[in-house]
Amino acid sequence: MEKFWGSLKFAFNIYIIATFITLLVLGIVNIIKKFTEKDS
Amino acid sequence: MQSTLKEFMSIFPGIESFFLMDSGMAIARILLILLGFFLCYLGYKKILDPLLMVPMGVGISMVNAGILIMPNTGKLGTMFLNALVESPQQHIDAFQIYFLQPIYALTFSNGLIACLVFIGIGSITELDFFIANPRMSLLLAIPAELGTILTFPIALIMGFNPSESASIAIIGGADGPMVLFASLQLARHLFVPITIVAYIYLSIIYAGYPFLIKIAVPKKLRGIPMEEMTVKKVSSGEKIAFSIVTGSVLCLLFPVASPLFVSFFLGVIIKESKINRFIDVSDNVILSGSTLFLGFTLGCLLSADIVVDPKMFKLIILGFIALFLSGVGGLCGGLIACKLSNGKINPLLGIAGVSCIPTTAKVAHKCAHEINPKAFIMPYAMGPSIAGVITSAIIAACYITMVPRMSF
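Here the protein sequences come in this chain order: A and B.
Just so it is clear: in the first sequence, position 6 is 584 by our numbering, and no numbers are missing.
Just so it is clear: in the second sequence, position 304 is 288 by our numbering, and no numbers are missing.
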């Protein structure tokens, strides 16, 4: 059971990292939109 | 009588091979030949995705029928391909004998086939809604990765090692090329059964997820038309800038998964650059050709010894769990988004976050349209679907990078 909880914790850590990187992608989209809005 | 039978068998070595293997394997072979017929039929009838199931079905049935004693090794084998060659000399010999060996050695063993499919997918992907509403798209895609996360510990306690568990968990990302690429990186010995299970389940999604939607989402919410939301026009320049910046950042963070990122964003940039010659090649030649050889070669790799492996049964269960949990997670995300937007967002957009572009978006649209003929949510559903591809790739990259360093 310890193995299960350990691996679940690891999987959730990956989920958190992936969420942060997803938010980074969101930030990139917003920055690009701001730049292109200025251009137009 | 016996010598006549022996002579007959020597004329038809395919039939003889049934008597040279143990009965369990012979039965598994017959069942696989029948499975190939069945998949081919389901593809032909468009019940499952014909682009993959027809070549895969042909491959499965014919490779299991065409077994003979190989003159070079004296063991049972086929004239299709040999996945077990290792040394350079064995590779050279295999190229002379097996007709699919060049395809397997040059496109499967290094994951190129998955990258070619990704170039094609990129070149047909519409980024408009994703860039117009990135927050909604990405936030709906995150909960739809639930299966990718929860299947990992489940697979581990079912007896798989961490690398195998991660490869199986990526089935929850609902992206065939990604599963193929990740399993080649993490669990090469299991890439055939994992990828075949993934592709068969991904073909069933179109029929299976509507049941889940009917159980989980109230009828009233399924018909939300989303008329109040408008999709802003997005310029090609914005899409190219997004692709090149995001692709570079993701390659910087996860170099090990960079072939997938570069392929997808290259496809998008080709499309948005409006270079018609490249668009024709990536859409008509690369995507169609790689899908054909992906399905056919995978089918040809599915031999009886893989099916009789006890791990196969566990894989079938885990594949189902992964996609079921991702569907549940996606719908939960959709329901939360619906609540937070005061009923403006159709909760079915959540299921579109389960990647599998564009199938899940089509499922969401079909289910909404059934309840309310005025509900046309397809363009909105494409946003979470594309975001699903990106989040699945990020999670796959996290697994590929981190799992080999971990011990449980």
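Every residue, glycine too, gets a C-beta built ideally from N, C-alpha and C.
Determine the chain A residues that contact residue i at a beta-carbon separation under 9 Å, and present them in chain order.
{"i": "Ser93 of chain B", "result": "By Cβ distance, chain A contributes nothing, its closest Cβ being about 27 Å from Ser93 of chain B, past 9 Å."}
{"i": "Tyr364 of chain B", "result": "Simply none; closest approach about 16 Å."}
{"i": "Arg389 of chain B", "result": "Those within 9 Å of Arg389 of chain B in chain A number zero; the least Cβ separation is about 11 Å."}
{"i": "Ile115 of chain B", "result": "Val607, Ile610 and Lys611"}
{"i": "Ile263 of chain B", "result": "The contacting residues do not exist; Ile263 of chain B stays about 23 Å from chain A at best."}
Is residue i helix, strand or coil by DSSP?
{"i": "Leu32 of chain B", "result": "coil"}
{"i": "Ala53 of chain B", "result": "Checking the sequence, you will find Ile at residue 53 of chain B rather than Ala. Three-state result, Ile53 of chain B: strand."}
{"i": "Leu237 of chain B", "result": "helix"}
{"i": "Gly273 of chain B", "result": "helix"}
{"i": "Gly95 of chain B", "result": "coil"}
{"i": "Gly8 of chain B", "result": "helix"}
{"i": "Leu282 of chain B", "result": "helix"}
{"i": "Leu332 of chain B", "result": "coil"}
{"i": "Gly207 of chain B", "result": "coil"}
{"i": "Leu124 of chain B", "result": "helix"}
{"i": "Leu60 of chain B", "result": "strand"}
{"i": "Phe21 of chain B", "result": "helix"}
{"i": "Lys358 of chain B", "result": "coil"}
{"i": "Pro294 of chain B", "result": "helix"}
{"i": "Gly160 of chain B", "result": "helix"}
Counting only Cβ pairs nearer than 7 Å, list the residues of chain A close to residue i.
{"i": "Ile126 of chain B", "result": "Thr597 and Thr600"}
{"i": "Cys340 of chain B", "result": "Within 7 Å Cβ-Cβ: nothing; Cys340 of chain B doesn't reach chain A, min ~18 Å."}
{"i": "Cys382 of chain B", "result": "Ile592, Ile595 and Ala596"}
{"i": "Pro137 of chain B", "result": "Phe582, Ser585, Leu586 and Ala589"}
{"i": "Ile379 of chain B", "result": "Ile592 and Ala596"}
If residue i and residue j are in contact, beta carbons under 8 Å, what's the gap, nearest whole angstrom?
{"i": "Leu84 of chain B", "j": "Leu65 of chain B", "result": "4 Å"}
{"i": "Leu16 of chain B", "j": "Leu286 of chain B", "result": "7 Å"}
{"i": "Gly20 of chain B", "j": "Gly41 of chain B", "result": "5 Å"}
{"i": "Pro137 of chain B", "j": "Leu586 of chain A", "result": "4 Å"}
{"i": "Tyr193 of chain B", "j": "Val347 of chain B", "result": "5 Å"}
{"i": "Leu140 of chain B", "j": "Lys581 of chain A", "result": "6 Å"}
{"i": "Ile208 of chain B", "j": "Asn330 of chain B", "result": "4 Å"}
{"i": "Met390 of chain B", "j": "Phe590 of chain A", "result": "In fact, because the Cβ distance is near 13 Å, the residues do not count as touching under 8 Å."}
{"i": "Leu237 of chain B", "j": "Ile599 of chain A", "result": "7 Å"}
{"i": "Val373 of chain B", "j": "Ile341 of chain B", "result": "6 Å"}
{"i": "Phe113 of chain B", "j": "Val607 of chain A", "result": "So it is not a contact: roughly 12 Å between Cβ atoms."}
Short of 7 Å in beta carbon distance, which residues of its chain neighbour residue i, apart from the five on each side in sequence? Order them along the chain.
{"i": "Gly157 of chain B", "result": "Glu129, Thr132, Ser339, Ser376, Ile379 and Ala380"}
{"i": "Ala345 of chain B", "result": "Ala336, Met362, Ala365, Met366 and Ser369"}
{"i": "Val246 of chain B", "result": "Gly231 and Cys235"}
{"i": "Phe102 of chain B", "result": "Pro161, Leu244, Ser247, Phe248 and Gly251"}
Excluding the five sequence neighbours on either side, which residues of its own chain have a C-beta within less than 6 Å of the C-beta of residue i, listed in chain order?
{"i": "Thr106 of chain B", "result": "Contrary to the premise, residue 106 of chain B reads as Gly rather than Thr in this sequence. Same-chain partners within the cutoff: Phe248, Gly251 and Val252."}
{"i": "Ile97 of chain B", "result": "Thr91, Ser274 and Leu278"}
{"i": "Phe2 of chain B", "result": "Ala10"}
{"i": "Ala171 of chain B", "result": "Ser147, Glu148 and Ser151"}
{"i": "Gly283 of chain B", "result": "Met40, Gly43 and Ile44"}
Below 8 Å on C-beta distance, what does residue i contact in chain A?
{"i": "Thr375 of chain B", "result": "Ala596 and Thr600"}
{"i": "Glu129 of chain B", "result": "Tyr593 and Ala596"}
{"i": "Leu134 of chain B", "result": "Leu586 and Ala589"}
{"i": "Pro243 of chain B", "result": "Within 8 Å Cβ-Cβ: nothing; Pro243 of chain B doesn't reach chain A, min ~18 Å."}
{"i": "Leu122 of chain B", "result": "Thr600, Leu601, Val603 and Leu604"}
{"i": "Arg119 of chain B", "result": "Leu604"}
Identify the contact partners of residue i in chain E, using a Cβ-Cβ distance below 7 Å as the criterion.
{"i": "Met386 of chain B", "result": "Protein chains A and B are contained in the structure displayed, whereas chain E is not."}
Strictly below 7 Å CB to CB, what residues from chain B border residue i?
{"i": "Lys612 of chain A", "result": "Chain B residues near Lys612 of chain A: none, gap ~11 Å exceeds 7 Å."}
Can you name, in chain order, every residue of its own chain whose Cβ lies under 8 Å from the Cβ of residue i, other than the five neighbours on each side?
{"i": "Ser404 of chain B", "result": "The structure shown does not extend to residue 404 of chain B, since chain B is modelled only from -15 through 392, so no value can be given for it."}
{"i": "Ile188 of chain B", "result": "Leu32"}
{"i": "Met63 of chain B", "result": "Gly50, Leu52, Ile81, Tyr82 and Phe83"}
{"i": "Val292 of chain B", "result": "Gly8, Met9 and Ala12"}
Contact residues within the segment 214 to 236 of chain B, judged by C-beta distance below 8 Å to chain A:
Within the segment 214 to 236 of chain B, contact with chain A at the beta-carbon level (separation under 8 Å) is assigned to Ser219, Gly221, Glu222, Ala225, Phe226, Val229, Thr230, Val233 and Leu234.
Quick one: which residues of the segment 145 to 172 of chain B get their C-beta closer than 7 Å to a C-beta of chain A? List them in chain order.
Taking 7 Å as the cut-off between beta carbons, none of the residues of the segment 145 to 172 of chain B comes near chain A.
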